[in-house]
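Residue numbers for the sequence shown follow our numbering, so the first one is 2 and each next one is one higher. Cβ coordinates follow ideal geometry from the N, Cα and C atoms, glycine included. This structure is a prediction, so every number in the text was calculated from the model and none was measured.
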Amino acid sequence: MSITRADIITSVKYQFKRNDKDSEINQAIQYIVDDICEDFDYNKELQDSTADLPLTTNVASLDVSVALANLKAYRIDAISLKNSDNSTDNRFLNEISFKEYLEFLPVPTIVTNVERGYPEQYAVYKDIIYFKPVPELTTFSVKVYFSKKHPTISVSQDILLPASFKMLIVEGVLWQLYKIMENKTGSMTEQLQIYTALKERNIDKYNYKPNQADFIRSCLI
Numbered sequence: 002m003s004i005t006r007a008d009i010i011t012s013v014k015y016q017f018k019r020n021d022k023d024s025e026i027n028q029a030i031q032y033i034v035d036d037i038c039e040d041f042d043y044n045k046e047l048q049d050s051t052a053d054l055p056l057t058t059n060v061a062s063l064d065v066s067v068a069l070a071n072l073k074a075y076r077i078d079a080i081s082l083k084n085s086d087n088s089t090d091n092r093f094l095n096e097i098s099f100k101e102y103l104e105f106l107p108v109p110t111i112v113t114n115v116e117r118g119y120p121e122q123y124a125v126y127k128d129i130i131y132f133k134p135v136p137e138l139t140t141f142s143v144k145v146y147f148s149k150k151h152p153t154i155s156v157s158q159d160i161l162l163p164a165s166f167k168m169l170i171v172e173g174v175l176w177q178l179y180k181i182m183e184n185k186t187g188s189m190t191e192q193l194q195i196y197t198a199l200k201e202r203n204i205d206k207y208n209y210k211p212n213q214a215d216f217i218r219s220c221l222i
């Protein structure tokens, strides 16, 4: 069962006691849903992945702009390495900062045998992924897992969150209304505390299930 914008508007108006602020409520709904999705890693509706992308021997980077060209506001969550000749090499890579990567390879276009090997880490700069060590086999490829931001909510676009998140969204929208319209410091602060605590409780039910992380990762490889 999905959550519609109309569901949220009805519940918000019931508590806010005003019927003349549809535009502000709609903006607040989008803001709150985007805020929740920033922390909600388990949201299957907004998760996707590329096909296997081949790596090139002795080339440090992979441009993924074409593979992700049709996406809007994505973020890379994980990258898995595959070796078509030896499945024991398959693994998830650890992310490092681009600054840290440049300490390993100051000029990514200049690669010597010293920097080559089996990739263990990656860094992202814009739409380019850099690998450490630099791939040394032609049989290497990667799959990129990413999260998309929530699409714009409308009459025809429902909210892509579990039905149990409805009250969380309502409390968040009320916080935003207190913040941008009522300017009641006490009410705003109290409402923010309610929203924050409820968000943590709702997300924890999905993101931190015991003994699930390793199982999920093993299925993705």
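Which residue spans inside the stretch 77-127 form an unbroken alpha helix (DSSP H) run of at least 4? 99-105
Beta bridge counterpart(s) of Leu54 as assigned by DSSP: What you label residue 54 is simply residue 53 of the sequence shown in a count that begins at 1. DSSP output for Leu54 lists Val143 as bridge partner(s).
Give me the Cα-Cα distance between Asp35 and Ser157, rounded to the nearest whole angstrom. As a working mapping, residue 35 is identified with position 34 in the sequence shown. As a working mapping, residue 157 is identified with position 156 in the sequence shown. Their Cα atoms are separated by approximately 18 Å.
Could you check whether Lys14 and Phe26 sit closer than 9 Å to each other, using their CB atoms as the reference points? Here the question's residue 26 lines up with position 25 in the sequence shown. Here the question's residue 14 lines up with position 13 in the sequence shown. Here the sequence assigns Ile to residue 26, which means Phe is not the residue at that position. In this structure, Lys14 lies closer than 9 Å to Ile26 by Cβ.
Sorted by chain position, which residues of the same chain lie with C-beta nearer than 7 Å to Ser12's C-beta, five sequence neighbours on each side aside? For the purposes of this step, residue 12 is taken as the residue at position 11 of the sequence shown. Val171, listed in sequence order.
By Cβ distance, which residues of its chain are closer than 7 Å to Ala1, with the 5 residues on each side in sequence left out? What is shown of the chain runs 2 to 222, which leaves residue 1 out entirely.
Could you check which residue in Gln122, Phe93 and Arg92 has the C-alpha nearest to that of Leu106? Residue 106 sits at position 105 when you count from the first residue of the sequence shown. Here the closest residue by C-alpha is Gln122.
Residue interval of the beta strand (DSSP E) (run including Lys133): For this step, residue 133 is matched to residue 132 along the sequence shown. Looking at the DSSP string, the run of the beta strand (DSSP E) that includes Lys133 is Ile129 to Lys133.
Using CA atoms only, rank isn't needed, just tell me which of Ala61, Asp53, Ile154 and Asp49 is closest to Val108. Locating residue 108 in the sequence shown gives position 107, where the first residue counts as 1. Checked all of Ala61, Asp53, Ile154 and Asp49; the closest Cα to Val108 is Ala61.
Tell whether a beta-carbon distance below 9 Å holds between Phe99 and Tyr131. Counting from one through the sequence shown, the residue named residue 99 turns up at place 98. Counting from one through the sequence shown, the residue named residue 131 turns up at place 130. Taking 9 Å as the Cβ cut-off, Phe99 and Tyr131 qualify as a contacting pair.
Backbone secondary structure at Gln28 - three-state DSSP: Taking the sequence shown and counting its residues from 1, the one referred to as residue 28 is at position 27. Correct three-state label for Gln28: helix.
May I ask you to list the residues that DSSP assigns as paired with Asp64? Along the sequence shown, read from residue 1 onward, the residue named residue 64 stands at position 63. DSSP, once it has assigned bridges, lists Ile129 as partnering Asp64.
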